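When you line the sequence shown up against mature numbering (1 follows the signal peptide of the UniProt record, and there is no 0), it's residues -24 to -1, 1 to 827, in that order.
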Amino acid sequence: MSARGLSVVLAVLNLVDTATRVQGQGVSNTHFDVFDFIDPFIGTDNGGHVHPGATLPFGMVKASADVYSDGENQGAQGGFASDNSTIIGFSHMHDSGTGGTPSLGLFPIFPQSGCPDDDLNRCEWAYLDRRVQRINGTARASPGYFAVALNTSILGEVTVTNHTALYRFTFPDQPVPRNGPGSIGSSTIPLSPVLLLDLIDLPRSRSNGTISVDPTSGRISGFGTFNPSFGIGSYNAYVCADFRGAEVRDTGLFKNNRAGNDPKSQSVVKDGVNGDGSDGGDTQLPVGAFVQFNKPDRNNEIFVRVGMSFISIEKACQNAEKEIPTFDFEGVQTSAEDAWRKKLSPISIDATGVNDSLQTTFWSGVYRTFLSPQDYTGENPLWESDEPYYDSYYCIWDSYRSIHPLLTITDPQSQTLMIRSLIDIYVHEGYLPDCRMSLCKGFTQGGSNADVVLTDSFLKNITDGVDWQKGYEAVVKDAEVEPLNWAVEGRGGLKSWKELKYIPTDDYDPYGVGPFTRSISRTVEYAYNDFTIALLARGLGNTADFEKYLERSTYWKNMYKADQVSFINETNTGFVGFLQPRFLNGTFGFQDPIFCSSLLNFTSCYLNPKGHETYEGSAWLYTFYVPQDMATLITTLGGPEEFTRRLQYLHYTYNLLYIGDEQAFLTVYLGHYSGRPGVSSDLAHFYIPAQFNDSIIGIPGNDDSGAMGSFSTFSMLGFFPVAGQDVYLIIPPFFPEINVTSPVTGRVATVRNIGFDPSYRARYIQRARLDGQEYTRNWIGHRFFLEGGVLELELGESESGWGTRPEDLPPSASTSFGSSGSSSGGGAALKRSASELKVRNGMQEFGIFGS
C-alpha cells in the first residue's frame, strides 16, 4: 500500500466518533460514558462467532464486513471475525454467536476504486477473486456503528435503522492495487468507483433469485431464496440499494467472472451442475449487479442505503425511504446511539476501584444481551396477525437460562412482545418453537424449553396484552401431543414418557420422527419443563394439572443409576451414582459419565443420529440438572457435604466441565442449595475473568445470541436466576454497588457491598440487610426488582453462616409443597395461589413473590 493511501484511510478514521473503540484497545475518560466500556469485538475470534456490526437493540438489520469462510476457517458465523481472514463484502443481516453453519449475510456490497485500465472485466466480481485483506488496527465498532479499512485503502463504515443499513465508503485519491492472488501489478486504475451487489449469502445456500439495476438512478433491487443455518425449509429475502455522492457512469450485471452493461436484470436458478455451496464448497455461481460512478462529489465518499424485507422488493424500498430519507450518516448514527443508551439505562454501577477490563467485560455482556431475538414485526409473510413477530430465537435451549430472565428485569416491554410473539407462533404453526431463525423452524436440542420462558415471564408479571390462557394451551400441547416432526418442535417419545416415566434409549416411537438420541438429557429437560408447566397451571388456578405435572417433574429419578461409578484416566473419581441410559425393558445401559466432556469425545454429542444419550455435555453435568428439586438430588447424591464436594470436583477437575455451553451455567450456583453460597461466589470468580474477559477471545464458547453475555452480566451484578422460578441466587456483586431501575415501576433495586474488596478476597457474605431489616435467605424474588429496595451485603474473607440454614435455602418441590400444595421448609415462599391475584402499581401480579 502506498503511504498516501494509508494516510487517507487513517485521516478519515480519526474523524470517527470518539465513542468508537479500536479493536482490542481500551478508552479512558474522566467522565463516564457507557460506550467507552462496550467492545463489540469481544468474542469475534476463537469460535465466539459474535457479530460486532452496527445494529439497533433487537434490530433486524445487523451490518458489517463479512470474512471468507471455508472448511478450515469457520469464523464467519457472525459475519466479521478478528482473525487474518479476507473480507468478501459488507452485508446487512446477521445472527450473533451461533454455532453450525454461517447464517444470513445476504446481498453483500463490495467496493472497488475502479477497474484496472478502466476495463470492467479487469475488476473482480466473484467473491473468491475479489476478497482482500483489512488494514490491521482499523476495525472499529460501537453500538450502532462499524468500520474497517480494506488494504485497497477503501474505508467502509455503516450505521443502521431497524430495516435499513447506511454505508459510507471513502475512496483514496489514488486507487491502490489489490494485494493478493491475481494482483494487477502496475496497471493504471482510474478513480471511477464500482460498487457491486452480490446475490449470495454467507452459507452460499441460494437456490434461485433475481436482480436488476436501474440505468438512471443506479438503484439495485432483487430477491433470493435461501436456507436457514440450523433448521428446515427456506425463506425469501428482498433487497433495495440506492446510492448518493457521485454521478452514475455505468450500470450492469455480472455473472461468473465477467460483467457487462446490458441487460439490466437477470434471474438465476439452481441448475444441478454449478455448486450451490451446500456441501461447504466454493462453487456457487456468482451473480449480481453493479453501478460504476464518476469521481465522487466531495471527500471521495459514496453512500449506499440498503433496505431489507422478507415481504417484497417494494417493501424493502419503502423501508429504506421511510427510515433513512436523506442519507444523513451522522444523524442515523446518533439516533442509533440514543436507542442504545436508553436500552442500557436501567443498569448503573458504582465501579470505584474496579479495573477497566472488568467494566468492559460487564458492559459488553449487557450490550450483547440486547442483540437477539430480532424484531421482524411487519416483516412476516407467513401469516397475517396484529401480534408482534420476533425471529432469531437462536436457540431457546441456550437463551432460556439467562437471556430472557435478564430481559424480564431490564427490558420487560421487549420481553412481553417476545412472549406474545412466541404464543402467536404457536397459534399459527401449532407448536411453540425451541429454535427459530429466518422464518423457519429450527432444530430442537432438548426439551420444549419455551415452556420455561413462558412460565418465567408469567411468574414475573409479564402481562400486558399476553393471552395467558392461550400460552397455557401451548405448553400443555408440548407436554401432551407429539408432533409428526419432533426434531423441530414439541417433544418426542411422549407415550413412553407418560407410561414408563422416562425416555428409553431404545424407544419405540411410531408417532413421530426425530433424532432418537439424548435420552438422558431429554428426560431431565422434560421433567423440568413439566415442573414449570405445573407452576403455570397453579398460577392459573388449575389444581389438577398442577398435581399431574408436578408428579411428572419427578421422572428424572428413573434414569439415575445409584451404583454407577466414574473413572478418569483409569482412576476412580470416588463418586457413585450418575444418570445412565435405560432401555424399554427397564434395564440400564452404559455411557461413560465423562463421555461428551472435554476428557472424552467432546464433539460426539451434537444432533448426530446415534451414539450418545446426552446433548453437548456429559452425564457428570446432567446429573446435576434437577432445578425443580435440588433438595432431593442432594439427598440422592449423599447429602450436602458430599454434594458440595462433587460440585467442586465437577468445576475444578480440568476439562470435566466446559463452561462454554449454557447448561453449565446454573451449576456455578448450585452451592446455594447445599448451604454453601460461598462456593457459588468462588466459582463465579473462578470463571470471571479467566473465561469471561475483554479480549477478542473473551468468551469460552459460542455467544448464542448473547447467552454468554447474560451469564457474565448476572454473575457480576450478584444474582443469578433459576429460570422458570421466581428465584435469584445471591452472591456479592463485582462492584461496590449496583442499581437496577425497573422500566415498569421506575423503582430502583440497589445491592450494596459493605467492605468491598477490589482484589475479591472478601467475596463471602457475612450478613445481609434488606431495607434495614436482617435478611438471611441466600436467594431473593422478583418483587425486589419491581418494588425496589436496598440489599446491603457485609463481606468478609471467609465463608460464614449466612444463607446456610435449611430455611434459608432456595425452594425445592419436595420441601416447598406436596401434592396438596402445602408448604413447609426452606423455600416456602414459592407457595402460590390463584386467589392471590391482585393489582399493584398498575400491574397484575400472579401469586406472591419470594422476597
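Note that beta-carbon positions come from the ideal geometry of N, C-alpha and C, so glycine has one too. Source: prediction; values computed, not measured.
Annotation for residue 87: 130, 132, 145, 169 and 171 place their beta carbon closer than 7 angstroms to its own, counting only its chain and skipping 5 residues before and after. By the Cβ test, the region 313 to 329 is in contact with the region 119 to 129, since at least three Cβ pairs between them sit closer than 8 angstroms. Residues 737 and 738 of the same chain have their beta carbon placed closer than 6 angstroms to that of residue 773, with the five preceding and five following residues left out of the count.
Taking the Cα positions, residue 357 is about 13 angstroms away from residue 405. Following the DSSP letters along the chain, one finds residue 738 in no beta strand (DSSP E), marked with neither H nor E. Cα atoms of residue 669 and residue 487: separation of roughly 47 angstroms, rounded to the nearest angstrom. The three-state reading of DSSP puts residue 290 in helix, counting H, G and I together.
Within the region 275 to 344, the runs of alpha helix (DSSP H) that reach at least 4 residues and sit entirely inside it are, in chain order, 289 to 299 and 305 to 320. Between the alpha carbons of residue 400 and residue 363 lies a gap of roughly 7 angstroms. DSSP places residue 133 in the strand class (E or B) of the three-state scheme. Taking 8 angstroms as the cut-off, the beta carbon of residue 213 is found no closer than this to the beta carbon of residue 281. Of the residues 713, 334, 657 and 721, the one whose Cα lies closest to the Cα of residue 705 is 657. In this structure, residue 626 lies near residue 643, with their beta-carbon atoms less than 8 angstroms apart. Remark: C-beta atoms of residue 300 and residue 142 approach each other more closely than 8 angstroms. A contact is defined here as three or more CB-CB pairs under 8 angstroms, and the region 706 to 725 fails this definition with respect to the region 674 to 685. By a beta-carbon distance limit of 8 angstroms, residue 419 contacts residue 207. Their separation comes to about 6 angstroms.
Looking at 752, 243 and 757, the one whose alpha-carbon comes closest to that of residue 784 is 752. Around the beta carbon of residue 584, fewer than 16 other beta carbons sit within 10 angstroms, so the residue counts as exposed.
Scanning its chain for C-beta atoms nearer than 7 angstroms, with the 5 sequence neighbours on each side dropped, one finds around residue 641 the residues 377, 378 and 687, in chain order. By the Cβ test, the region 441 to 448 is not in contact with the region 712 to 722, since fewer than three Cβ pairs between them sit closer than 8 angstroms. The region 191 to 200 and the region 93 to 111 do not touch, with fewer than 3 CB-CB distances between them shorter than 8 angstroms. Restricted to the region 200 to 249, the beta strand (DSSP E) segments that are unbroken, complete and at least 3 residues in length are 211 to 220, 224 to 231, 234 to 236 and 241 to 245, listed in chain order. Using a 10 angstroms sphere on the CB of residue 547, the tally of other CB atoms stays under 16, which defines it as exposed. Annotation for residue 726: the continuous beta strand (DSSP E) segment containing it runs 724 to 730.
Of the other Cβ atoms in all chains shown, fewer than 16 fall within 10 Å of the Cβ of residue 474; this residue is therefore exposed. Scanning 692, 765 and 225 for the CA closest to the CA of residue 749 turns up 765. Only buried fits residue 424, as 16 or more other CB atoms lie within 10 angstroms of its CB. The beta-carbon distance between residue 398 and residue 383, rounded to whole angstroms, is 13 angstroms. This is too long to meet the 8 angstroms contact definition. Under the three-state reduction of DSSP output, residue 445 falls in the helix class. One Cα belongs to residue 651, the other to residue 756, and the distance between them is close to 15 angstroms. The beta carbon of residue 549 is closer than 6 angstroms to those of 542 in its chain, skipping five residues each way along the sequence. In this structure the region 265 to 283 touches the region 223 to 234; the number of beta carbon pairs closer than 8 angstroms is three or more. Only buried fits residue 481, as 16 or more other CB atoms lie within 10 angstroms of its CB. Here residue 351 carries a strand assignment [DSSP, helix/strand/coil]. Under the three-state reduction of DSSP, residue 578 is assigned to helix. Boundaries of the beta strand (DSSP E) harbouring residue 536: 536 to 544, taken from the DSSP string.
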